[in-house]
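One structure below.
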Amino acid sequence: MEKQLVDYILAQHAEADAFEAEAPGNWMGRLPGPEQTAYWADRAPTGTLAEFKRIELEEDAYYSIAEAYSKSYGRSFNFSSMSDDELEACIKNACEQIQAEAEAEAAFKSAEDQQMNDLAAGLNVDRKTLDRWLETNPEWFDLAA
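Residue numbering for the sequence shown follows my numbering, beginning at 3 and increasing consecutively.
If you want it as structure tokens, here you go:
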């Protein structure tokens, strides 16, 4: 195994140790140690840091696309034929899509919450009362709205 990869693994272990020492309850996963040769022979067959980082980049691209769109769409890519820049662009685009969806969902939830507050005000009840009514009789909302 290349010394650069060993140093990378040990640096990640040191980072995890430092993070866990910062505060009680902190936990951070660690890469398997460099002495776990069976794992590393499968994970990075040539044993180089460059190969390991490339594999990680391809996996990041797949999982980002799978999260943003779908696993089947992620499987449709030939990541091994793509350049690092192309992979990073895929990751960036997928992450932007994930962020946009999260923002749209938050906006929808906020609008829905405002609609419920307006309905409660229109009925001259507090929100807890309205929520209780809806829990006991969900069809009530259709009648009130």
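Ideal Cβ positions, reconstructed from N, Cα and C, are used throughout, including at glycine. If you're wondering where the values come from, they're calculated on a predicted model, not measured in any experiment.
> Does the distance from the C-beta atom of Gly35 to that of Ile57 stay below 8 Å?
Replying inline: no
> Does the Cβ-Cβ distance between Ala96 and Ser72 come in under 8 Å?
Replying inline: no
>> Looking at the secondary structure, which residues open and close the alpha helix (DSSP H) in which Glu105 lies?
In response: 86-124
>> Suppose you measure from the CA of Thr131 to the CA of Pro26; what does that come to, to the nearest Å?
In response: 40 Å
> Alpha carbon to alpha carbon, what distance is there between Asp9 and Asp44?
Replying inline: 19 Å
> Hey, out of Asp86, Glu137, Ser85, Ala68, whose CA is closest to Ser78's CA?
Replying inline: Ala68
> By a C-beta neighbour count over all protein chains shown, 10 Å radius and 16 as the cutoff for buried, is Ala13 buried or exposed?
Replying inline: exposed
>> Could you tell me the alpha carbon to alpha carbon distance between Val127 and Gln117, rounded to whole angstroms?
In response: 14 Å
> What is the DSSP secondary structure of Arg32, counted as helix, strand or coil?
Replying inline: coil
> Quick one: what does DSSP say Thr138 is sitting in, helix, strand or coil?
Replying inline: helix
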